[in-house]
Structure formats: C-alpha cells, structure tokens
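Residue numbers (our numbering), protein chains in the order written: chain A, 5 to 259; chain B, 5 to 259. Note that beta-carbon positions come from the ideal geometry of N, C-alpha and C, so glycine has one too. Working notes, structure below.
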DNA sequence: TACGTCGTTCCGCTGGACGGGACGCGAAAT
DNA sequence: ATTTCGCGTCCCGTCCAGCGGAACGACGTA
C-alpha cells in the first residue's frame with residue numbers, strides 16, 4: 005500500500021481519467037504512460053479495464069483513447085447531486101467579511117428564489133438559508149428570472165406580482181424592461197423593493213456550460229448600498245461567482 | 005487477472021462509481037459493499053482512493069459517499085469530446101431503412117448546419133457527411149435556429165437570407181414566425197426551400213439537460229414527403245432522437 | 001446503559017498486478 | 001517498393017499490493 009492508504013492501481017486509473025480530461029480530446033497509450041510515469045503495458049491494461057465499464061473508449065482508426073459515455077452520464081448525475089452550498093460557502097464568507105455586508109446564494113425553486121447559502125459580515129451570524137423570497141422583487145430573483153424563457157415570466161405575471169413596497173415592480177411591461185437591463189448589464193439591483201430598507205445587488209453564477217445555476221447576492225440594510233457603490237460590489241460579486249464556477253469546473257461566461 | 009484482462013481493483017472502483025451514479029444522491033460504504041458483493045473494508049479503501057482524486061466525496065455528517073467535483077468536470081469534458089456521430093449512426097441507419105428515406109444529423113457550425121452523420125435508405129450509399137447547409141432554408145437549420153437566442157437570428161438577418169428557391173423564407177419577420185411555429189410544434193419542415201425538389205422534416209436532439217445538441221432530419225426528393233406524411237415521420241424521428249438522447253445519458257424533453 | 005451498525009484501521013497471506021520483452025501492424029522515411 | 005520506427009497488445013515469471021478477517025471507536029436507538 006503506497007501513498008498513505010491509496011490503492012495503487014485505482015489511483016493510477018483515476019490519474020488516467022484525469023489526464024484524458026486534461027488532454028485535447030484524446031490521447032494514446034504510450035503518451036499517457038509517459039505523462040504519468042507508467043509502463044505502457046500497465047497503462048494499456050488499466051485503460052482496457054476502464055473501457056470495459058464505458059469510462060473510456062478507443063477510437064477504431066487511431067487507437068487513441070477518450071473519455072466515454074459512462075463519464076458523461078456520471079457527470080450529469082454528479083451535477084444533479086452537487087453540493088453547491090458547500091462549494092460556495094467559503095467564497096460567500098470571504099466576500100462578506102471583505103466588503104462588510106451580507107452575502108447569499110439563491111437558486112430557483114418553483115416560482116421563488118431559495119437561499120441555499122448565507123453569510124453575514126461577521127461570519128458568525130445565524131444561518132438564514134432555507135428561506136424563500138419572491139423573484140420579481142429581489143435582486144437575485146431578477147437574475148434568475150432574466151435567465152428564464154420570457155413565457156415563464158409572462159406565466160408568472162398572470163398570478164400577479166405582489167407589491168411588497170411602493171418600489172416593487174408590479175407591471176409586466178416594466179418588469180420585462182428591467183429584466184432586459186439585467187441581461188444587458190449582467191447584474192441586478194433592488195432598492196427597497198422587497199423590504200423597504202434593504203438594498204441589494206446580484207450576479208449570476210454559471211455552471212460549466214454557461215447555464216445559470218444560482219444568483220449570488222450582496223445585501224444591506226439602510227443606505228449602505230447606494231447606486232454609487234454598485235459598480236464596486238458588482239465587480240467583487242462577479243469575482244466570487246467566477247471562483248464558484250471554476251470550482252464547479254466551468255469557465256465564467258461574460259454576459 | 006480475472007475476467008479477461010481486467011484489473012480487478014480498478015474494475016471494482018469503476019463499479020463503485022457507477023453504483024453511485026445509479027443511487028439517489030449518495031450511499032454508504034456498507035450499502036455499496038453489499039450491492040457489489042465486496043468486503044466493506046475493500047469498499048472503504050477503494051472509495052478513499054477515489055476520494056483522493058476528487059471522483060467521490062464523503063458527507064461530513066452522514067459518512068455517506070457521493071460523486072465528486074472531478075466527475076462533474078470530467079463529464080463536461082467528455083461531453084465536449086463526445087463522438088455524437090458514432091452514437092447516432094445506428095439509429096439513423098435503422099430509421100432510414102424502416103421509412104425508406106434519407107436521414108441526417110446536423111449540428112450548428114458557425115452560421116451553418118453541418119451534416120455529421122448521414123444514412124440513405126439502402127444503408128450503403130456514399131457518406132455525405134461533412135457538408136454545410138444554410139440555417140434558414142433547411143428543416144434542421146430551422147430547428148437549430150429555433151433554439152438560439154432571438155438576437156442571433158436577427159444578427160444573421162443582417163447578413164441577409166439567400167433565396168435558394170422561390171419558396172425560401174427571406175424576410176426576417178416571416179422567419180421569426182416560422183421559428184415560433186417550430187418551437188411550438190417541436191419540429192420543422194422545409195418544402196423545396198433549399199433545393200427545389202427536396203422536402204424534409206427535422207426534430208431536435210437533446211443532451212441530458214434539455215439543451216439541443218443536434219437536429220435529426222428525414223429528407224426525400226420529389227413528392228415523397230407530402231404534408232400528410234409529416235406526422236408519421238415526425239413521430240418516427242422523435243423516437244430515434246430519444247434513443248440518441250438516452251444513449252448520451254439524458255431524458256428527452258417534450259417541447 | 002447496553003446493544004447494534006457503521007466506517008476505519010491493522011495485519012498476515014497469496015494471487016493479482018507489475019515490468020520486461022516480444023510481436024504484429026501501420027505509417028513514415030528512404 | 002522496401003526498410004525502419006513507433007505504437008498498442010500480449011505473454012510470463014516475480015513479488016508485494018490488495019485482499020478479507022478481525023478489532024476498534026463512534027454514533028444512534030431501545
């Protein structure tokens with residue numbers, strides 16, 4: 005047993021998969037063996053075993069190996085069960101401490117936004133995740149709406165938009181305009197639209213395919229978030245969102 | 005060396021990954037060991053090795069394992085390098101033989117549709133893949149356009165739409181209407197719009213996340229595809245597209 | 001408090017995995 | 001056209017990695 009408690013041949017096989025993931029499409033036995041410091045008969049045998057389970061496949065013509073369909077399926081499943089909260093938590097805490105405001109991560113849950121991660125500036129406040137909030141009246145809600153098909157927004161309008169404050173957008177035409185702005189600018193704001201004294205900005209968090217999986221929010225009570233401060237907060241939020249996307253394994257798309 | 009030339013511990017580790025993919029989110033050491041007929045110390049050791057490479061992760065509270073971030077990344081990479089043509093070829097050939105028409109699979113390539121797989125009714129005609137055709141004047145082109153943001157369609161209209169025949173749609177307003185119909189019906193038709201005597205229908209092929217990765221086309225010369233025959237061909241094409249999606253590892257979305 | 005189950009760790013044993021070398025094949029060089 | 005080279009696969013003797021069994025600590029339940 006080498007390397008702590010790792011099973012050597014499994015560790016080698018895993019390295020082969022990861023090396024294939026890092027290569028441009030495909031690689032040969034000899035090349036992979038060289039890259040990983042393995043004997044080519046060892047690499048060949050390990051690859052043949054991975055191929056048996058569909059984790060790799062071999063091109064009939066060139067003899068080179070690439071990742072197989074079973075990896076696509078496992079990847080899809082892994083993404084569905086991913087613990088986005090754990091992935092994002094460190095970044096939210098770091099951002100909250102450095103800008104001295106509350107940060108949250110919201111995902112779409114039916115017709116609402118769900119807080120899946122939360123951090124206040126002290127990093128020691130009580131966990132307020134698990135809460136729902138409306139889509140039309142919050143900054144992350146607008147980010148999530150902006151990335152839905154327009155017919156979904158129209159469907160929601162038929163249920164009606166609750167006017168939480170005098171600033172809440174309740175007319176469908178004005179909301180659609182606002183969502184167009186969100187798409188154009190790549191971030192959303194909400195000034196006293198859900199809670200009278202709460203201002204917030206939000207940016208999208210992408211998975212590795214430029215799909216929006218969450219909205220990252222910076223929020224504050226009182227007049228701590230004024231329009232003049234928005235550009236700085238948006239930039240900081242985007243940086244944090246890009247780190248989260250990178251952890252998921254993607255490349256942050258620019259809106 | 006058991007089971008042909010497979011490396012036993014690698015085969016076992018791969019089985020663990022696949023079992024995790026088949027489970028609802030996560031599973032424990034003892035459960036996985038039972039399911040695969042392994043000793044639990046063996047399962048524990050193999051899982052620890054997979055965890056070391058990020059292929060699985062263990063929940064801190066429950067001790068259960070789930071697929072890890074490295075699998076999400078590998079899955080994304082595998083999808084990008086997937087050989088869609090090989091996956092789809094059997095289905096295209098089967099469909100072509102059974103309906104006695106030519107079938108193709110088209111993907112978006114810049115501003116055109118690219119034939120990545122082709123089969124005629126005999127299954128023995130020469131391979132006509134690798135060819136490009138216009139988006140606005142072909143059935144698969146319309147399917148691909150219908151799944152792009154509208155601003156992409158408008159951008160294309162600025163280049164202009166070549167009138168290949170007297171039936172080609174060249175006005176942007178008429179094309180947008182046609183694309184709305186495609187989205188609504190879930191399939192596209194083209195009657196002599198690119199080549200005067202060629203009629204075709206096309207349906208979307210999804211990956212596992214309801215993204216359209218290709219358009220499957222049934223085409224014929226002369227009057228073999230009349231409007232009365234469209235429903236049957238669309239149904240057959242959808243069935244073939246669903247098989248392809250299932251092979252990729254997804255669930256076909258109903259439009 | 002006692003019991004059962006889980007996941008982890010340790011250890012002796014042995015057969016599975018290894019590297020070395022040979023081989024056939026196809027492409028490149030001559 | 002022939003020769004050379006590199007690739008991937010296969011075979012085989014060797015040896016230590018991986019195995020199962022047992023014990024242990026932790027945790028949840030009765």
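Item, Value
"Would the stretch 28-40 of chain B count as touching the stretch 52-70 of chain A if we require 3 or more Cβ pairs under 8 Å?", "no"
"Starting from residue 205 of chain B, follow its DSSP beta bridges and name the residues at the other end.", "B:193, B:222"
"Would you kindly work out how many angstroms separate the C-alpha atoms of residue 16 of chain A and residue 234 of chain A, rounded to a whole number?", "49 Å"
"For residue 174 of chain B, I'd like the list of residues in its chain whose CB is within less than 7 Å of its CB, leaving aside the five on either flank, ordered along the chain.", "165, 167"
"Could you say which of A:107, A:211, A:192, A:185 lies nearest to residue 223 of chain A if we only look at CA atoms?", "A:107"
"Are the Cβ atoms of residue 91 of chain A and residue 251 of chain A separated by less than 8 Å?", "yes"
"CA-CA distance, residue 60 of chain A and residue 127 of chain B?", "28 Å"
"Where does residue 217 of chain B sit, in a helix, a strand or coil, going by DSSP?", "strand"
"From what residue to what residue does the alpha helix (DSSP H) around residue 246 of chain B run?", "234-252"
"Measuring CB to CB, does residue 144 of chain B end up less than 8 Å from residue 110 of chain B?", "yes"
"Which first and last residues belong to the beta strand (DSSP E) in which residue 11 of chain A is found?", "Premise fails: residue 11 of chain A is in no beta strand (DSSP E) and is neither H nor E."
"Okay, do the stretch 184-193 of chain B and the stretch 74-82 of chain B touch, 3+ Cβ pairs below 8 Å being the bar?", "no"
"For residue 102 of chain A, report the span of its alpha helix (DSSP H) as first-last.", "88-103"
"Determine the chain A residues that contact residue 13 of chain B at a beta-carbon separation under 8 Å, and present them in chain order.", "11, 13, 14"
"Going by other Cβ atoms of all chains shown within 10 Å of its Cβ, with 16 needed for buried, is residue 151 of chain A buried or exposed?", "buried"
"Which residues of chain A have a Cβ atom closer than 7 Å to the Cβ of residue 59 of chain B, listed in chain order?", "18"
"Measuring CB to CB, does residue 205 of chain B end up less than 8 Å from residue 238 of chain B?", "yes"
"If you measure from the beta carbon of residue 43 of chain A to each beta carbon in chain B, is any gap under 8 Å?", "no"
"Drop a sphere of 10 angstroms on the beta-carbon of residue 38 of chain B, count the other beta-carbons inside from all chains shown, and report buried for 16 or more, exposed for fewer.", "exposed"
"Does any CB atom of chain A fall closer than 8 Å to the CB of residue 181 of chain B?", "no"
"Quick one: what does DSSP say residue 26 of chain B is sitting in, helix, strand or coil?", "helix"
"Over the uninterrupted beta strand (DSSP E) stretch that includes residue 120 of chain A, give me the two end residues.", "116-123"
"Would a check of beta-carbon distances place residue 241 of chain B closer than 8 Å to chain A?", "no"
"Are there any heavy atoms of the ligand FMN lying less than 7 Å away from the beta-carbon of residue 232 of chain B, as far as the coordinates show?", "The ligand FMN is absent from the structure shown, which contains no ligand whatsoever."
"Compare the C-beta of residue 171 of chain A with all C-beta atoms of chain B and state if any pair is closer than 8 Å.", "no"
"Taking 8 Å as the CB-CB limit, is residue 25 of chain B close to chain A?", "yes"
"Taking C-beta pairs closer than 9 Å, name the residues in chain B that residue 74 of chain A reaches, listed in chain order.", "18, 21, 22, 25, 82, 253"
"Here's the rule I'm using: 16 or more other beta-carbon atoms within 10 Å means buried, otherwise exposed. How should residue 228 of chain A be labelled?", "exposed"
"Return the Cβ separation of residue 210 of chain B and residue 249 of chain B in integer angstroms, given the expectation that the two are a contact with Cβ distance under 8 Å.", "5 Å"
"Apart from the five residues just before and just after residue 134 of chain A, which ones in its own chain have a Cβ nearer than 7 Å to its Cβ?", "119"
"For residue 77 of chain A, would you say it is in contact with chain B, using Cβ-to-Cβ distances shorter than 8 Å as the test?", "yes"
"Rounded to whole angstroms, what's the CA-CA distance from residue 258 of chain B to residue 240 of chain B? Just pull it up for me.", "The predicted position of residue 258 of chain B is uncertain, since its pLDDT is 34 and thus under 50; a value taken from the coordinates is nonetheless stated next. About 15 Å."
"Measure the alpha-carbon distance for residue 148 of chain B versus residue 125 of chain A and round it to whole angstroms.", "46 Å"
"Could you compute how far the alpha carbon of residue 5 of chain A sits from the alpha carbon of residue 45 of chain B?", "Confidence is the limiting factor: at residue 5 of chain A the pLDDT is only 40, short of 50, which leaves the residue's position unreliable and the question unanswerable from this model."
"For residue 70 of chain A, which residues in chain B fall below 8 Å Cβ to Cβ?", "82, 85, 87"
"Name the chain A residues that come within less than 7 Å of residue 29 of chain B, Cβ to Cβ?", "85"
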